[in-house]
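In my numbering, the protein residues as written are 115 to 246.
Idealized CB from N, CA, C, for every residue including glycine.
If you're wondering where the values come from, they're calculated on a predicted model, not measured in any experiment.
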């Protein structure tokens, strides 16, 4: 006497009969596939943490200190730094442009630059606090 199990083919509505012998032959492969998927899922945190421990590229900003009024200090992963002028010095340089359009463009760039530095500083502080 032959027992059967009903399984539906994906993509169709008709059933397909599979004997218990065929099912027994396929079961180890199904268990192996599930085991590999579970093992891969368990290994993913280990693999991702080792990638996070890798050194960042040298041009990665690692720290921003200061403020617009007193000047910022931008430190990079390779140890170099950038010290942009204070906002008042930068805006004073903008007044040296000849046309009004150039002065307005310069002031807008300065305001955007210092706003973005403050946001970057806040983001780095938040990210570093999450690492602790």
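{"Check": "If distances are taken between C-alpha atoms only, which option among 245, 222, 241, 237 comes closest to residue 206?", "Outcome": "222"}
{"Check": "So residue 222 is in the beta strand (DSSP E); what residue range does that whole segment cover?", "Outcome": "Not the beta strand (DSSP E): residue 222 falls in the alpha helix (DSSP H), residues 214 to 245."}
{"Check": "Taking 8 Å as the threshold, find out whether the region 228 to 246 comes into contact with the region 166 to 183 through three or more Cβ pairs.", "Outcome": "yes"}
{"Check": "Closer than 7 Å by C-beta to residue 237: which residues in its own chain qualify, once you throw out the five before and the five after it? Chain order, please.", "Outcome": "none"}
{"Check": "Where does the unbroken beta strand (DSSP E) through residue 187 begin, and where does it stop?", "Outcome": "185 to 190"}
{"Check": "If you pair each beta-carbon of the region 207 to 215 with each one of the region 184 to 194, do three or more pairs fall below 8 Å?", "Outcome": "no"}
{"Check": "Quick check: the Cα distance between residue 168 and residue 195, rounded to an integer number of angstroms?", "Outcome": "21 Å"}
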